[in-house]
Each structure stands twice: as C-alpha cells, then as structure tokens.
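Structure first, then comments.
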Amino acid sequence: MGGRNRAYQLLKTISSATCQCPAHSSGWSEMKHSSTKAAKSTDYAFEMACSTVRYGPGVTKEIGMDLQSMGAKNVMVVTDKTLSQLPPVKLVAESLSGHNVNFTVFDNVRVEPTDTSFKEAIDFAKNGRFDAYIAVGGGSVIDTCKAANLYASDPEADFLDYVNAPIGKGKPVFVKLSPLIAVPTTAGTGSETTGVAIFDYEPLKAKTGIANRALRPTLGIIDPLHTLLMPEKVAAYSGFDVLCHALESYTAIPYYDRSPCPENPAARPAYQGSNPISDVWSIHALGVLAKYFKRSVYNPDDLEARSKMHLASTFAGVGFGNAGVHLCHGMSYPIAGNVKNFHPVDYEVKHAIIPHGLSVVMTAPAVFQFTSGMNPERHLEAAEILGKDVTNVKREDAGLVLADVLREYMHTMKVDNGLGALGYTADDIPDLVKGTLPQHRVTKLAPREQSEEDLALLFENSMKVY
Ligand SMILES: NC(=O)c1ccc[n+]([C@@H]2O[C@H](COP(=O)([O-])OP(=O)(O)OC[C@H]3O[C@@H](n4cnc5c(N)ncnc54)[C@H](O)[C@@H]3O)[C@@H](O)[C@H]2O)c1
Ligand SMILES: [Fe+2]
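So the sequence shown is numbered by this note's numbering: it starts at 51 and just counts up by one.
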C-alpha cells in the first residue's frame, strides 16, 4: 500500500472511531458499527441533493413566466383525471396561455402507477417531442412525469435499463433530461424534491422504482392552496407517508455503515443512510406533524394546518430523499402490489388500490418495535417529538412506546385495523415476503437485518394493529 493510501485509510479509521459529529454521537454508538468495518467497505461521505423549491399561496400563477424564461416552446403537462377538472391544472393552463407557452395536457396518469401506465406516458412524451414538463398532482403524477422525461430523453433505452436492480439494470443516467416543474397537490410524497419515481411492477406484484438524482425536478412549486381540495382520506394517507418518510430516514443506518463505498461519487446512491443534514429535515417534519396533522385532516379549510403539512412533506422529502427509507416502505411495495379488492373512500378511481401512505403505515408499529433495539435513543426521541412523555421510559421499551404512539395516530385518523382489514390473510404472507426480498435498496437501510422469518413475523404482527 502506498504511503498516501495508508495515511488515508488511517484517517478514515480514526475519524469513524473517534468522531464527535452529531451523526456519531446520537445513539448510533450502540450499534455494532466498528471502525474496522468502516475502513474496509463502508462509505465515509454523504451528499445532499434537493430540487429548488418555491413556496407561497397562489404561487402557481408564476409558472408561465418560468417556462417562458426557460425558452420552452412545447410543454407536456402531466396530471390525472381528477385533477384535470380542478383549479390546480386550470391555473397552470391559464398561466401558460397567458405567457404564450404552447402545451399539451396528458391526464391519463394512473393513481398508483404501474409499468404499463408509465409506458403510456412515456410513449406520449416520445411522440410529442416536448422540451419541458410540468407535473400537477400527487406522487402518482410527479413520478409518472419523471419517467416520461427520462425515457423521452433516451428513446433507445429499454424500460428496465434504469429500473432499480435487481429487478432492472439500475443503469446510471448520463443523458440530459429536459426541465421538469412539479406542482404537488398532496401533502405527502415529497416527490417534488427527490430523484425517485415509483411504480408497481405488475409481473412481480410489487412496487419498485427508478432512483437517480438526474430525475429530480428542476423546480418544485409548493402552493398550499391546492391542498385545501384534498378529501379527508387523501390528507390522512398522504400525511402518514410524511410520517413514515421522517421516521424511517431518521432511524435508517448511518451513511458510514452503508456499503459498498462507491469508487466514483456518481455511483453514491440517492438513499445513503441517515446523516446529520437529513436528520434535521426529518426531525423538523416530525415536529410539524405532531402539531398540524390531525387539524389538517379534519379541517379541510384550515389553511395554516394544510400549509404546514404541505411544507412538512417537502421537509421530509429532502430528509428521506438523501437518507432513504427502510422497512415500512420496503414491505409496502408488495402490500400495494398484491391488492385484492380494496377501494378506499375518497379516491376517485375504479381500480382496486391500497393508497401508498396506507400501505406504508400499516406495518409501522411492528417495524419500529423490531428496529428499536438497534437505536433506542432515536426511537424514543421520535416518540417524544410525536407527543409522548418519555421521561421514565426505559431504553428497552423504546419500540413499544413508539409503536403505541403510532397506533394512537392511526386510530385518530381512523385507519383500518391492519392488513386483515385490507383483505389479507395469513395465507398471503409468503407472497408478501417474496415481494419484499428484492427491495434491497431500502431494506438494507434498516438498522436491523431481517431474515425471511423476521419479515413473515412483521407481516403477521401487522394483520391487526389495534
Ligand atoms: N417519488 C417519491 O419520492 C415518492 C415518495 C413517496 C411516494 N411516492 C409514490 O407516490 C404515489 C402516491 O402519491 P400521493 O399519495 O401523493 O397520491 P396520488 O398522486 O396517488 O393521488 C391520490 C388521489 O388523490 C387525488 N388528489 C391529489 N391531490 C388532490 C387535491 N389537491 N385535491 C383533490 N384530490 C387530489 C388524486 O387525483 C388521486 O385520486 C405512490 O405511487 C407512491 O409510491 C413517490
Ligand atoms: Fe412514501
């Protein structure tokens, strides 16, 4: 080993063994994180990426000027059938027309998109030869728009080329994408800030996605007035998505325990593990949820509460978009993909779906009870921020306490009683486990490793929540 390399390895070992930075001094020392492991194969750096965001009630009206300044001549506006009839899309159309920007609306986004529905939008984008994209809607719309932009920018690519390995090839993105402006209308996914596009891969009956920083929108226009239109259940389920983004990213393994360490920074994944900067965003989002989640669900006209939740969704998006999520999300992908006959109230769709936030939160009490032993401090801290008095709680009870807090939130928002209420029985567990196993990108970020038996038990423990 050359002298320079040896010095570098030594520094790396010393820094992970003695560092006093927030990431190393907030409970993770409890983990079996060893300096030897860090020196060998784990990462030593993290990177923050986020879209530019613009916030303000009514700010949607500026979008025509943005497109005009970009010199856009032919814009694809992506939305779904419900939103195409609502003010957010009308306001975008008026602003574009007012600034003489040509556009075409594609409103056939599937709520909870699939590979088939992604491909329809991609074909539309390829045929339209658009030079800019606008997504007006929730995560389903924004993710579909990201995929349309990506594959229209690389028309020769096979669909699975960019899909996460091991389901797809997980190729890096070297083509230049067109500008994309996201106008989120739910307070949930944070997709306006992330380089992630999620879809249900029908052959596998589980969700997967495309994850690359290149997919990040150029600009996120966060106009809280749009969220006043959300029906109760859309507000509740998308709010639980925010809650799980924040909790999972805060409890994910630290970035310096994630392996492999990339040889080229371009290969460092978007989901890097918890890190001191993501922590700030995730923790802040939890505080906002504690104060405004219930108010925003039950008072649709409460502009303050809905605005705060809209921002919380962005905060958590920046947090998890750089740290990642873990088991609740990894297990939600087959829960959504194997849907039987569940038709949620307030979702104007004909097909059976388990809305994303609902599929995610169903396993949350079981998951955090399972992971808490690896880092009780962070689990307790989260429970405290969410409103629990943890003064006399023992560290070994951290998981129980956080699970109880989550159950209280679920009960308050009238969430159905577990996977059983969504139509699942014990006979479905093998399929649910099978659909979770390929979700390495997220499940490996969980602070505790899981065997197939562990996963089966987590699903079993989530059949009933209360
Ligand atoms: N890319 C990411 O980073 C990321 C993160 C989390 C989730 N997701 C994905 O996002 C999708 C879920 O997105 P979502 O929860 O935002 O909901 P959604 O986009 O699926 O929309 C849910 C329903 O609410 C309606 N709706 C949306 N906004 C409305 C409004 N303001 N008023 C009235 N109705 C409205 C829609 O028409 C739809 O019927 C899932 O596919 C999920 O996997 C992506
Ligand atoms: Fe999510």
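A virtual CB, placed ideally from N, CA and C, is assigned to each residue, including glycine.
As the structure is a prediction and not an experimental result, all values here were calculated from the model.
In the DSSP assignment, Thr258 is bridged to Phe249. Bounds of the beta strand (DSSP E) holding Thr102 are 102–105.
Counted as a single uninterrupted DSSP element, the alpha helix (DSSP H) harbouring Thr301 occupies residues 282–301. The alpha-carbon separation between Gly188 and Leu293 amounts to approximately 16 Å. Secondary structure in the stretch 129–187: the beta strand (DSSP E) runs of 3 residues or longer, each lying completely within the stretch, are 153–156, 182–187 in chain order. Ile333 carries a helical assignment under DSSP once its states are collapsed to helix, strand and coil. Ranking Phe153, Glu446, Glu354, Ser241 by CA distance to the CA of Phe180 puts Phe153 first. Taken atom to atom, the span from the alpha-carbon of Thr258 to that of Val246 is near 10 Å.
Met513 carries a coil assignment under DSSP once its states are collapsed to helix, strand and coil. Taken atom to atom, the span from the alpha-carbon of Ala198 to that of Gly121 is near 20 Å. For Gly270, the three-state secondary structure derived from DSSP is strand. Excluding residues up to 5 positions away in sequence, Ile272, Leu361 lie with their Cβ nearer than 7 Å to the Cβ of Tyr105 in the same chain.
Residue Pro315 holds the alpha-carbon nearest to the alpha-carbon of Arg263 among Pro497, Pro315, Val410, Tyr397. The secondary-structure analysis by DSSP pairs Ile231 across a beta bridge with Ile184, Leu269.
A direct Cα-Cα distance of roughly 8 Å separates Arg318 from Cys311.
Restricting attention to Glu112, Val128, Thr132, the CA atom closest to the CA of Glu144 is found in Glu112.
Within 8 Å of the C-beta of His379 there is at least one heavy atom belonging to ligand 2. Residue state for Pro426 is assigned as helix, using DSSP reduced to three classes. Spanning the alpha carbons of Asn511 and Pro326 requires a straight line of approximately 32 Å.
A check of alpha carbon separations from Tyr183 across Phe209, Tyr212, Gln322, Val233 identifies Val233 as the nearest. For Gly485, the uninterrupted alpha helix (DSSP H) segment begins and ends at 479–486.
The residues Ala256, Leu482, Gly485, Thr486, in chain order, have a CB closer than 6 Å to that of Pro384 in the same chain once the five nearest residues on each side in sequence are set aside. Taken through DSSP and simplified to helix, strand or coil, Met126 comes out as strand. For the 9 Å CB-CB criterion, Ala414 and Met463 do not form a contact. In this structure, Val410 has its beta carbon less than 8 Å from a heavy atom of ligand 2.
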